[in-house]
């Protein structure tokens with residue numbers, strides 16, 4: 001789902017599918033692929049961001065050079081704190097920033113596609129039925 005398709009009406013389900021793909025990508029980076037993710041977040045590099053994609057893939061890269069960006073940008077500079085914190089605390093920090101980014105992208109699309117109050121509530125409820133990335137990464141999701 002690109003950010004430039006503002007004239008095409010999308011459904012709550014389509015935006016949620018986009019959210020869920022990005023969500024799965026971020027969880028994969030912070031759990032299954034955590035060693036690769038850690039290595040790619042070299043503090044010696046420039047400001048890096050963790051991106052999740054609708055295809056359930058992830059990438060660590062520089063922010064988009066397009067101004068303004070097509071969609072909201074994730075937290076900038078995730079790599080700088082890596083070596084100054086315990087790994088689990090750093091991963092939790094990246095996770096909570098990922099949660100904030102995913103919500104901003106989902107509701108950005110909701111605004112672009114003209115969601116009304118009922119649509120926004122439905123989208124929020126669908127998202128809220130999932131554990132947060134923070135809960136998954138810290139193990140809090142298993143305790144619920």
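Numbering (full-length UniProt numbering), first residue to last: 1 to 144. Even glycine gets a Cβ: it sits at the ideal position worked out from N, Cα and C.
Alpha carbon of residue 9 to alpha carbon of residue 112, nearest angstrom: In the chain shown, residue 9 corresponds to position 9, counting from 1. In the chain shown, residue 112 corresponds to position 112, counting from 1. Those two C-alpha atoms are separated by around 9 Å.
Own chain residues within Cβ distance below 8 Å of residue 24, not counting five before or after: Translated into positions along the chain shown, residue 24 becomes position 24. Here the set comprises 52, 56.
Cβ pair residue 15, residue 80 closer than 8 Å: Here the question's residue 15 lines up with position 15 in the chain shown. Here the question's residue 80 lines up with position 80 in the chain shown. Cβ atoms of residue 15 and residue 80: not closer than 8 Å.
Pairwise C-alpha distance: residue 46 and residue 88: As a working mapping, residue 88 is identified with position 88 in the chain shown. As a working mapping, residue 46 is identified with position 46 in the chain shown. So the two alpha carbons sit approximately 22 Å from each other.
Nearest neighbour of residue 139, chosen from 68, 121, 114, 91 [CA to CA]: Taking the first residue of the chain shown as 1, we reach residue 139 at position 139. Nearest C-alpha to residue 139: 91.
Through-space distance from residue 43 to residue 82, alpha-carbon basis: Position 82 of the chain shown holds residue 82. Position 43 of the chain shown holds residue 43. Distance between the alpha carbons of residue 82 and residue 43: 7 Å.
Cα-Cα separation between residue 134 and residue 99, rounded to whole angstroms: Within the chain shown, numbered from 1, the residue matching residue 134 stands at position 134. Within the chain shown, numbered from 1, the residue matching residue 99 stands at position 99. For residue 134 and residue 99, the distance between alpha carbons rounds to 7 Å.
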